[in-house]
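Undergrad: To start, I am sharing the structure in question, which I have written as structure tokens.
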Amino acid sequence: MQKIIKPIAFLLAAAVLFYVGKPKLAAFYNNKGLAYYENGQYRESLDFFEKSLRLDPFKAVTHYNLANAYMGLGARETEAAEEYEKAIRLDPALSEAYRALANIYLGRQMYTRAIDLITQAQTGVPDKKNDSLRNRVDFEYAVDCLSKSVDSFLSGDKERAHALLKTALKIKPDFAYIHYTQGYFYYVDGNYDEAEASLNEAVLHDPRFYLAYKVLGDIALKKGDYEKAVDKYKAAISLNNKVPVLYNDLGLIFMRMERYGEAVEYMEQAAMLDPENIDIRYSLASVYRDNGQFDEAVSKYNETLGLRPDYPGAHNDLGDIYKTQGKDNEALAEYAMEIRYSKEKLAKNENDLIILSNLAYAYRNSGETALAEETINRAIALDPGYQAAYLTLARIQEDSRDHKSALRSLKKARELSVASQPNFIDRDISRLKASINLLNIYPDEVYLKNGRLIKGLIKKQTQENVVLDVNIGKSAGEITLPRDSIERVVRSSDPQTD
């Protein structure tokens, strides 16, 4: 009986093939496979697509459907890619196959291959889906180049970083973030003109790109164009008024411009937006100090030091306020704390310029002039272009009444300034020149037993005292020195001796 059934089954199948023909049966199997595929039954659909192809192996759409079934099963991407390629060879106008294969290459980050496929598809029948996929591939390719560029830049390979950005710009020339990143790289490298050009291009493509305005403000600040920096930061704030660093930057610029009331306004806003930021808290304290709001400044400095007792420079700042208020003991205690913490940090990094400068300043205000000068000269030896060191050195030299050296140090600091640096350096230079002129007209010398030399014009001498006109601070004044404190007196009218 079994032997009879098999031939009958064969004859029936042959009759069906004869009646409907191979192409129709292949189409039947293909449609059956599509029904399973649409129900998510990918393995069943795959069986019917394979049956269909055994009957009609040159049907492009069936190869495309089989590839989709492989993709539905997962982990069979390579087989799917092969089927999509067969479909394309059989029917170069089958856009769906190009897009599907392009998506596989996109997933593998083979962007140029994906672009080639979409370009081929676009040469056929116009299809908005091709254009949409091309935009997606271009975007992901540009982002990939951008990401790799940032990684290269951070690792120190700047040549590769810029090359990748150029590739990204060729792919997406209207992508504002690429122009911004290029501008930021140039800014970090100090190429400010090129940075501005790239950042302005970013703003051109995206007028609401507030970060580009922020860096444009940073560049203007570096160039010393404070008014332009203010305009750029305000433009950034108008686009995003929730970023505390923008208010902080504006506050710092107004400090440099000595417009302290405006500086306070923006710093307070920054602190309100980011109350936990210790750097903003310190900046606000410094603005209060410069604006003469000493009580508020002391409060903020103490808050800063409560969170970080070794915050660089904060003890010096507090010491200066106490000194101005006549609280000498409190001032000396703060300078001593600055010395302590600075030494601890220098034990870990002896070449930290900021800490060296802070230490020298604290030594100077503690009366340890020799240590102060030695320390600040270390900083200058490490970096002859460190402007703050020359300002500190000038103060130390002025304390020692070496006005000519102090003047040279101030002039060096001025050389290192940007064009529109605040005029406090010029004011100090003018004051020192006046001091030197006063000393030139007060040519007498009084040598004290403690080793100090005082130059002035002797007005009167008695057995008990010597009275001199001297330079005191910004003007002239009169002092009386007890005879028992004097080693010797040399008058300009006396004969010169060796």
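Numbering (the working numbering), first residue to last: 21 to 518.
Beta carbons: idealized from backbone N, C-alpha and C, even for Gly.
Could you check which residue in L477, A401, L373, P264 has the C-alpha nearest to that of Y286?
TA: Taking only the C-alpha atoms, the option nearest Y286 is P264.
Undergrad: Under 8 Å, with one C-beta from each stretch per pair, do the region 164 to 177 and the region 139 to 149 reach the 3-pair mark?
TA: No, the region 164 to 177 does not touch the region 139 to 149.
Undergrad: Which class does Q417 belong to by DSSP, given the choice of helix, strand or coil?
TA: In this structure, Q417 counts as helix in the three-state DSSP scheme.
Undergrad: Cutting at 6 Å between CB atoms, please list the residues of its own chain near L411, excluding the five before and the five after it.
TA: So the qualifying residues of the chain are A433.
Undergrad: Using only alpha-carbon positions, find the residue among L366, I108, R421, Y200 that is nearest to L224.
TA: Of L366, I108, R421, Y200, the residue nearest in Cα terms is Y200.
Undergrad: My parser needs the beta strand (DSSP E) runs of 3 or more residues fully inside the region 92 to 148; what are they?
TA: Runs of the beta strand (DSSP E) inside the region 92 to 148: none found.
Undergrad: Buried or exposed for S167, going by 16 or more other Cβ atoms inside 10 Å?
TA: With fewer than 16 Cβ atoms within 10 Å of its Cβ, S167 is classed as exposed.
Undergrad: Would you mind sorting T98 into buried or exposed? The rule is 16 or more other CB atoms within 10 Å of its CB.
TA: T98 is exposed by the Cβ-count criterion.
Undergrad: Whether or not the region 251 to 267 and the region 225 to 238 are in contact is what I'm after, with contact meaning three or more pairs of Cβ atoms, one per stretch, closer than 8 Å; do they touch?
TA: Flag = yes, the region 225 to 238 and the region 251 to 267 touch.
Undergrad: Does DSSP put D404 in a helix, in a strand, or in coil?
TA: Looking at the sequence itself, residue 404 is Pro, so the reference to Asp does not match. DSSP places P404 in coil when its eight states are reduced to three.
Undergrad: Label M275 either buried or exposed according to how many other C-beta atoms from any shown protein chain fall within 10 Å of its C-beta, with 16 as the threshold for buried.
TA: So M275 ends up on the buried side.
Undergrad: Let me confirm a value: T132 is counted as buried when at least 16 other C-beta atoms fall within 10 Å, else exposed. Which label applies?
TA: Result: exposed.
Undergrad: Work out the CA separation of L488 and I478 for me, nearest whole Å.
TA: Roughly 4 Å separates the two Cα atoms.
Undergrad: Using CA atoms only, rank isn't needed, just tell me which of N397, L86, L436, G312 is closest to Y381.
TA: Measuring from the Cα of Y381, the nearest candidate turns out to be N397.
Undergrad: From which residue to which residue does the alpha helix (DSSP H) around K544 run?
TA: Residue 544 cannot be examined here, being either before or after the span of the chain that is shown, 21 to 518.
Undergrad: Taking Cβ positions, are E393 and I359 nearer each other than 7 Å?
TA: No. Outside cutoff.
Undergrad: What three-state label does DSSP hand D194 in the structure shown?
TA: Correct three-state label for D194: coil.
Undergrad: Are there 16 or more other CB atoms within 10 angstroms of the CB of S115, so buried, or fewer, so exposed?
TA: Its Cβ being crowded by 16 or more others within 10 Å, S115 is buried.
Undergrad: Are L430 and A414 close, meaning C-beta to C-beta below 7 Å?
TA: Contact flag set, yes.
Undergrad: Can you give me the C-alpha to C-alpha distance between P332 and S362, rounded to a whole angstrom?
TA: Near 8 Å, if we compare the C-alpha coordinates of S362 and P332.
Undergrad: By Cβ distance, which residues of its chain are closer than 8 Å to V157, with the 5 residues on each side in sequence left out?
TA: Cβ within range, chain order: A122, L126, Y131, A134, I135, I138.
Undergrad: Identify the continuous alpha helix (DSSP H) that holds V466 and give its terminal residues.
TA: Premise fails: V466 lies in the beta strand (DSSP E), 464 to 468, not in any alpha helix (DSSP H).
Undergrad: Please report the residue range of the beta strand (DSSP E) in which Q481 lies.
TA: Its beta strand (DSSP E) spans residues 473 to 481.
Undergrad: Grab me the residues of R421's own chain with a C-beta within less than 6 Å of its C-beta, minus the 5 sequence neighbours each way, in chain order.
TA: Closer than 6 Å at Cβ, skipping near neighbours: no residue.
Undergrad: Going by CA-CA distance only, name the one from N371, K475, D419 that's closest to D403.
TA: Ranking N371, K475, D419 by Cα distance to D403 puts N371 first.
Undergrad: Measure from the alpha carbon of I400 to the alpha carbon of each residue in D238, I375, Q313, L86, then state which is nearest.
TA: When only C-alpha atoms are compared, the closest one is I375.
Undergrad: If you run the structure through DSSP and keep just helix, strand and coil, what is I485?
TA: The question names Ile, but residue 485 is Asn in the sequence shown. Here N485 sits in strand by DSSP.
Undergrad: Can you tell me the Cβ-Cβ gap for D164 and A196, rounded? I've got them flagged as a contact below 8 Å.
TA: 17 Å between Cβ atoms; not a contact.
Undergrad: Identify the continuous beta strand (DSSP E) that holds V263 and give its terminal residues.
TA: Per DSSP, V263 belongs to no beta strand (DSSP E) and is neither H nor E.
Undergrad: Leaving out five residues before and five after T517 in sequence, what residues of the same chain have Cβ atoms less than 8 Å from its Cβ?
TA: In this predicted model, T517 has a pLDDT of only 41, less than 50, meaning its place in the structure is not dependable; the value taken from the coordinates is given anyway. Counting only Cβ-Cβ distances below 8 Å, and skipping sequence neighbours, we find nothing.
Undergrad: Please report the distance separating the alpha-carbon of S72 from that of F159.
TA: Each residue's Cα considered, the two are about 38 Å apart.
Undergrad: Could you give the C-beta distance for I239 and Y212, rounded to a whole number, given that I count them as a contact under 8 Å?
TA: Between Y212 and I239 the Cβ distance is about 5 Å, and since that is below 8 Å, they are a contact.
Undergrad: How many angstroms separate the CA atom of S306 from the CA atom of P295?
TA: Rounded to whole angstroms, S306 to P295 spans 16 Å at the Cα level.
Undergrad: Would you decide whether N369 is buried or exposed? Buried here means 16 or more other CB atoms lie within 10 Å of its CB.
TA: Label assigned to N369: exposed.
Undergrad: For a test of the three-state rule: what should DSSP assign to E179, helix, strand or coil?
TA: Note: E179 maps to helix in three-state DSSP.
Undergrad: Taking the beta carbon of G471 as the centre, do at least 16 other beta carbons fall within 10 Å, making it buried, or is it exposed?
TA: Exposed: under 16 other Cβ atoms inside 10 Å.
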